[in-house]
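Working notes, structure below.
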Amino acid sequence: MFLNTVSVIGHSFGGATTVQLCREDSLTWIASGLILDAWGQATPPGGDKPSNSVNKPIIAISSEAFMNWKENYDRVVSFCNEARDSGALCWMLTIAGSTHLAMTVLYPVWMSLMIKSLVSPSRAFYLTIVASLEFLEATLPEQTRFRTWSTERLLCTRNPVSDPDEALKMDHAPDDKWVVLNKNEEHLAQRSQNNHEPDSRRFVKYGNGR
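Structure follows, in structure tokens:
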């Protein structure tokens, strides 16, 4: 085990936690962060000073539903900019047709019938895993790489498919009721911040590619 090069990963509120951990200079043993559909409103703003900026390599894999939620999209772009400005490797990807639970193995039938995912649940989960493994191969030290991992070379394009700073396209945005299951999301996000309790096919790639 290489406990001095730990990668942290989190989904939703856990994604917000991962962002915060990758901002913390004192956690020198953290090597990188994998952020799965981060809940932007639960992620405190950063970037105001170097000590409050993401300074580790990160990958943000998001659902299309959350990327059509403008406040969430803006916060994800913001912490990706923190990493890019610090010189760290950074990728920002969106799985087209996906909703918030697409990065999990929970309820695959419900994903299509009740949560209105348009992408195959197994394909969305596979893309999440493959992109994560490619990220780890690109960022972990040489002695920790396992080169028989699956790859689709998703992270190898040098130029982004589209500019993250361009106007957010709402052509295929779902109705608000399908963005998240719990419509009380603003209250939950505010409660998390107030209590200081961070919970542990268009692809957009961003930052320094190989």
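Residue numbering for the sequence shown follows UniProt numbering, starting at 1 and increasing by one per position. The beta carbon of each residue, even a glycine, is placed where N, CA and C say it ideally should be.
Sorted by chain position, which residues of the same chain lie with C-beta nearer than 8 Å to residue i's C-beta, five sequence neighbours on each side aside?
i	result
serine 132	Ile9, Leu34, Ile59 and Ile61
phenylalanine 125	Ala102, Met103, Thr104 and Val105
alanine 88	Val54, Asn55, Lys56, Pro57, Ile58 and Gly207
Got a sec? Which residues, its chain only, sit under 6 Å from residue i by beta carbon, not counting five neighbours each side?
i	result
valine 54	Cys22, Arg23, Phe79, Glu82 and Ala83
serine 32	Ser7, Lys56, Pro57 and Thr139
glycine 47	Ser53 and Glu82
With a CB to CB cut of under 7 Å and the five nearest residues on each side skipped, what residues in its chain are close to residue i?
i	result
leucine 127	Ile95
leucine 136	Ser7
What's the gap between the Cα of residue i and the Cα of residue j?
i	j	result
phenylalanine 203	valine 119	Bear in mind that the predicted position of phenylalanine 203 carries a pLDDT of just 42, short of 50, making it too unreliable to give a figure here.
tryptophan 91	glutamate 134	11 Å
valine 77	glutamate 71	10 Å
aspartate 85	proline 45	15 Å
leucine 3	proline 141	12 Å
aspartate 25	serine 51	7 Å
leucine 154	threonine 18	22 Å
tryptophan 69	threonine 28	33 Å
isoleucine 30	proline 121	30 Å
tryptophan 39	arginine 75	9 Å
serine 98	isoleucine 129	15 Å
leucine 93	tyrosine 73	11 Å
leucine 152	glutamine 20	Sequence check: residue 152 is glutamate here, not leucine. Going from the Cα of glutamate 152 to the Cα of glutamine 20 covers about 29 Å.
Going by DSSP, what residues sit across from residue i in a beta bridge?
i	result
alanine 60	Ile35 and Met92
How far does the beta strand (DSSP E) with residue i in it reach, from first residue to last?
i	result
serine 10	The sequence shown places glycine at residue 10, not serine. First-last of the beta strand (DSSP E) with glycine 10: 6-11.
Which first and last residues belong to the alpha helix (DSSP H) in which residue i is found?
i	result
leucine 136	121-139
serine 51	Counting along the chain, serine 51 falls outside any alpha helix (DSSP H), and DSSP gives it neither H nor E.
glutamate 82	70-86
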